[in-house]
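Participant: Below: one structure in structure tokens.
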Amino acid sequence: EKVGFIFDLDGVIVDTAKYHYLAWRKLANELGFEFTKDQNELFKGVSRKRCLEILLDIGNITATQDQFDKWMVEKNVDYLAYIEKMNSSEILPDVAKVLQYLKNKNIPIALGSASKNARPILEKVDLLPYFDSIVDGNSVTKAKPDPEVFLIAADNLGVAANSCVVFEDAVAGIQAANAANMVSIGIGDTEILNEADYNFNDFTEMSDDFLESLIKKQHK
Ligand code: BG6
Ligand code: MG
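So, in structure tokens, the structure goes:
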């Protein structure tokens with residue numbers, strides 16, 4: 002049976018969390034309150050809408066629907082200005098190497114991201130050609146930790162869910178992969194991502210032997 006590999010985007014392929022942070026902080030400051038890096042941790046893997054709800058909670062602000070919609074747009078316009086300047090130098094260490102390794106072996110690869118900006122980001126960093134399927138914030142109805150995003154990706158790749166491997170940096174993403182019955186691999190803090198089947202600080206720690214063992218594995 003063939004295996005499929007699914008990558009989260011923000012925090013796994015590129016470190017866009019810092020741009021999300023700067024854009025949310027600007028909005029918070031405009032609304033008269035601080036937004037810290039620690040608070041930004043809560044935003045990882047979480048949809049734009051949910052992020053704004055949490056931000057307004059932090060600032061104790063009640064918004065009308067019009068204000069809410071306006072702030073969503075405003076944050077994204079600021080975020081897109083950062084994305085505009087991105088290039089392949091911002092791909093996280095050894096991500097391209099792992100993608101190429103899988104490509105050389107004809108392993109199907111998908112993106113499974115909550116972001117509605119996934120496609121332009123992959124274009125900017127020149128990684129679009131590696132992906133056989135892109136499932137992003139535009140194609141899902143239920144956010145991580147719901148497994149929907151990864152199940153659609155598996156389906157698009159034509160691979161059984163329990164023959165898929167997921168790379169994730171967010172707790173909600175690891176939970177989504179586990180709920181989909183996929184092999185979950187935490188990229189980042191091992192303590193925070195302790196629900197993952199395997200943990201790595203980044204892709205530089207992942208050996209070819211380990212990748213090979215994942216490819217050979219038939220089922221979770
Ligand atoms: C996730 C990020 O990948 O995408 C979240 O981890 C972000 O921080 C979410 O809020 C939605 O992103 P976007 O680009 O649609 O605002
Ligand atoms: Mg992420």
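Numbering of the sequence shown is given in the UniProt record's numbering, commencing with residue 2 and proceeding in unit increments. Ideal Cβ positions, reconstructed from N, Cα and C, are used throughout, including at glycine.
Let me check understanding here. Comparing Cα to Cα, which of L32, E31, K27, S48 lies closest to K38?
Facilitator: Here residue 38 refers to the residue found at position 37 of the sequence shown. The residue with the shortest Cα to Cα distance from K38 is K27.
Participant: Among all residues, which have a Cβ less than 7 Å from at least one non-hydrogen atom of the ligand BG6, and in what chain order do they fall?
Facilitator: D9, L10, D11, G12, A18, H21, F44, K45, G46, V47, S48, R49, C52, N77, Y80, S114, A115, S116, K117, N118, G138, A171
Participant: Please name the residue or residues paired with C52 in a DSSP beta bridge.
Facilitator: Here residue 52 refers to the residue found at position 51 of the sequence shown. When beta bridges are read from the DSSP output, C52 appears opposite no residue.
Participant: Pop quiz: N179 and E196 are said to be a contact at Cβ under 8 Å. What is the actual Cβ separation, rounded to whole angstroms?
Facilitator: On the sequence shown, residue 179 is found 178 positions in, with the first residue counted as 1. On the sequence shown, residue 196 is found 195 positions in, with the first residue counted as 1. Between N179 and E196 the beta-carbon gap is near 6 Å, inside 8 Å, which marks them as a contact.
Participant: Pick out whichever of Y199, G159, D209 has its Cα sitting closest to the Cα of K3.
Facilitator: As a position in the sequence shown, residue 3 is number 2, starting the count at 1. Comparing Cα positions, the closest option is G159.
Participant: Could I get the ranges of all uninterrupted beta strand (DSSP E) runs contained in the segment 129 to 212, with 3 residues as the minimum, in chain order?
Facilitator: 134 to 136, 165 to 169, 184 to 188, 199 to 201
Participant: Could you give the DSSP three-state label for F6: helix, strand or coil?
Facilitator: Here residue 6 refers to the residue found at position 5 of the sequence shown. Residue state for F6 is assigned as strand, using DSSP reduced to three classes.
Participant: Are T205 and I122 closer than 8 Å when you measure CB to CB?
Facilitator: The residue you call residue 205 lines up with position 204 of the sequence shown. The residue you call residue 122 lines up with position 121 of the sequence shown. Contact flag unset, no.
Participant: So, are the CB atoms of A161 and A181 less than 8 Å apart?
Facilitator: Residue 161 sits at position 160 when you count from the first residue of the sequence shown. Residue 181 sits at position 180 when you count from the first residue of the sequence shown. Cβ distance not < 8 Å, so A161 and A181 don't count as in contact.
Participant: Which same chain residues end up closer than 8 Å to V184 when comparing Cβ atoms and leaving out the 5 residues on each side of it in sequence?
Facilitator: The residue given as residue 184 occupies position 183 in the sequence shown. Around V184: C165, V166, V167, A178, D198, Y199, L215, K218, K221.
Participant: Can you tell me where the beta strand (DSSP E) holding A111 begins and where it ends?
Facilitator: To locate residue 111, count along the sequence shown from 1; it is residue 110. A111 -> beta strand (DSSP E) spans 110 to 113.
Participant: What is the C-beta distance between I14 and V96, in whole angstroms, given that I count them as a contact (C-beta under 8 Å)?
Facilitator: Counting from 1 along the sequence shown, the entry for residue 14 is found at position 13. Counting from 1 along the sequence shown, the entry for residue 96 is found at position 95. With a Cβ gap of about 5 Å, I14 and V96 count as contacting.
Participant: In angstroms with no decimal places, state the Cα-to-Cα distance between D127 and R120.
Facilitator: Counting from one through the sequence shown, the residue named residue 127 turns up at place 126. Counting from one through the sequence shown, the residue named residue 120 turns up at place 119. Near 10 Å, if we compare the C-alpha coordinates of R120 and D127.
Participant: Assuming G113 contacts A154 (C-beta within less than 8 Å), just tell me the rounded distance between them.
Facilitator: Working through the sequence shown from its first residue, we reach residue 113 at position 112. Working through the sequence shown from its first residue, we reach residue 154 at position 153. Confirmed, Cβ separation roughly 5 Å.
Participant: Just the C-alpha distance for residue 222 and T65, rounded to the nearest angstrom, thanks.
Facilitator: Because residue 222 is not part of the residues shown, which for the chain are 2 to 221, the question remains open.
Participant: Got a sec: does the ligand MG put a non-hydrogen atom nearer than 7 Å to the Cβ of G159?
Facilitator: Along the sequence shown, read from residue 1 onward, the residue named residue 159 stands at position 158. G159: no, Cβ never under 7 Å from the ligand MG.
Participant: Compare the C-alpha of Y20 against each of K86, P148, A111, L103 and name the closest.
Facilitator: To locate residue 20, count along the sequence shown from 1; it is residue 19. Of the candidates K86, P148, A111, L103, the one whose C-alpha sits nearest the C-alpha of Y20 is K86.
Participant: Could you compute how far the alpha carbon of I135 sits from the alpha carbon of A82?
Facilitator: Looking up residue 135 in the sequence shown gives position 134. Looking up residue 82 in the sequence shown gives position 81. Cα to Cα, I135 sits roughly 22 Å from A82.
Participant: CB D203 to CB L93, shorter than 8 Å?
Facilitator: For the purposes of this step, residue 203 is taken as the residue at position 202 of the sequence shown. For the purposes of this step, residue 93 is taken as the residue at position 92 of the sequence shown. Yes, Cβ-Cβ distance for D203 and L93 is below 8 Å.
Participant: According to DSSP, S15 sits in a beta bridge with which residue or residues?
Facilitator: Sequence index remark: in the sequence shown, residue 15 carries index 14 (1-based). The question names Ser, but residue 15 is Val in the sequence shown. Note: V15 sits in a beta bridge opposite D11, I92.
Participant: Taking 7 Å as the limit between beta carbons, can you name the residues of its chain near L43, skipping five residues before and five after?
Facilitator: Indexing the sequence shown from 1 puts residue 43 at position 42. Taken in chain order, the residues that qualify are I55.
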